[in-house]
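In what follows, a structure is listed as structure tokens, so that the remarks can point back to it.
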């Protein structure tokens, strides 16, 4: 199979090389014929320069050139040919000088948009040269008749518009086809991720449950210590699976189909606290809350609000707050907005980390005060989910250089704002 692919590739390269050779030869013969029938020093000099440039390009790329290099050479020779015809036909006075502007579209279709952008540079140089240096190019005698000139311009304009419309239609269909293929593959990948996460999560939950049962029944210290390590490992794996599952969910259309009724914000916030009883007790952290929402409701999926937003933010505060620290959760209503603040007395967030803390592209993960691990997905997911439901989030963490003890820790405050629902 591999040998067949190689033969097929070599066959295509051979055809392209032959096509390039024939095209270039015809262009050179046509230009030589034009110089012979319409002798001029300018045309002869220009043709010599173009031949030298093409020779340089041919020697620049060896015979084992790949597909992109062949297409580049092919497009280059056609560009030089078009420039030559424009120059000997009167420059800006030529009836079809605007054909040169079609090259970026051809290059973009055959190669990619990067090469299309690069192809604008020689076009700019050629047009600049016509404008400043050869603006007074003579018009050939056969173009000097106004009636013939008008017919040439009209026919060129019509064919140019038809060609551009055909190219744009082809490009649009190719783009749509590629986009559909990418969407299909993305949906398949997300489905696979969700199925795997679901199956793995079930097994992890079983292991975690039986570990808890064994820890409550076995009284020996050493086995309990080992079971504790197994449980922590299971919890870490479970959390990572949940993060991957959340990200898979966010990249699909399922978000638009989820229940987004109006829910009591205070009830969901209070319900989320029970998740952190064990880690708060382990680190002796006081969770203090002051909720004055006056029954305000927000339009959001309660599962997303509790598990993806609140749990991520509170767990982040627990992670970076030392033993004996405090976490304050405050909620209030300001006009038509719900303001939620989660403030901790932790180690804070350095400025260089704070700048990219909500981005997936430069995500990072730091160990907590007790060596807790993370994936770096949590806060970017929080930002994305809050934005989806019309909210905003800001982070405040004053900079303090090398604090010596926990009393000097700057702490971190997350401020989340959601619009209040009238429903």
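In this note's numbering, the protein residues as written are 390 to 812.
Where is the CB? At the ideal position from N, CA and C, for every residue including glycine.
Going by DSSP, which residues form a beta bridge with residue i?
i: residue 811; result: Bridge partners of residue 811: none, in fact.
i: residue 681; result: 721
i: residue 675; result: 715
i: residue 653; result: 686
i: residue 806; result: 728, 781
i: residue 801; result: 733
Please classify residue i as buried or exposed, where buried requires at least 16 other C-beta atoms within 10 Å of its C-beta.
i: residue 763; result: buried
i: residue 576; result: exposed
i: residue 684; result: exposed
i: residue 713; result: exposed
i: residue 772; result: buried
i: residue 492; result: buried
i: residue 710; result: buried
i: residue 519; result: buried
i: residue 453; result: Note on residue 453: pLDDT 48, under 50, position unreliable in the model; no value is reported.
i: residue 801; result: buried
i: residue 787; result: exposed
i: residue 507; result: exposed
i: residue 477; result: buried
i: residue 561; result: exposed
i: residue 394; result: Summary for residue 394: the model assigns pLDDT 46, below 50, so the residue's position carries little reliability, and this model does not support an answer.
i: residue 466; result: buried
i: residue 496; result: buried
Measure the CB-CB distance between residue i and residue j and report whether it falls below 8 Å.
i: residue 798; j: residue 736; result: yes
i: residue 682; j: residue 720; result: yes
i: residue 661; j: residue 695; result: yes
i: residue 725; j: residue 686; result: no
i: residue 475; j: residue 500; result: no
i: residue 754; j: residue 733; result: no
i: residue 649; j: residue 690; result: yes
i: residue 514; j: residue 489; result: no
i: residue 623; j: residue 593; result: yes
Nearest to residue i by CA position, among the options, is which residue?
i: residue 665; options: 677, 756, 778; result: 677
i: residue 510; options: 784, 468, 557, 654; result: 468
i: residue 739; options: 712, 714, 770, 784; result: 784
i: residue 670; options: 698, 686, 715, 659; result: 715
i: residue 668; options: 690, 658, 704, 654; result: 704
i: residue 517; options: 472, 547, 505, 493; result: 472
i: residue 597; options: 626, 572, 571; result: 626
i: residue 654; options: 673, 688, 675; result: 688
i: residue 675; options: 699, 657, 717, 663; result: 717
i: residue 757; options: 605, 672, 514, 572; result: 672
i: residue 699; options: 811, 729, 619; result: 729
i: residue 781; options: 810, 744, 727; result: 727
i: residue 810; options: 438, 722, 759; result: 722
i: residue 494; options: 568, 550, 566, 599; result: 550
Assuming residue i contacts residue j (C-beta within less than 8 Å), just tell me the rounded distance between them.
i: residue 805; j: residue 775; result: 6 Å
i: residue 808; j: residue 767; result: About 24 Å separates the two Cβ atoms, so there is no contact after all.
i: residue 803; j: residue 702; result: 5 Å
i: residue 770; j: residue 697; result: 6 Å
For the ligand GTP, I want to know if residue i counts as a neighbour, meaning its beta carbon is within less than 7 Å of at least one of the ligand's heavy atoms.
i: residue 782; result: By its list of ligands, the structure shown contains no ligand whatsoever, and the ligand GTP lies outside what it can speak to.
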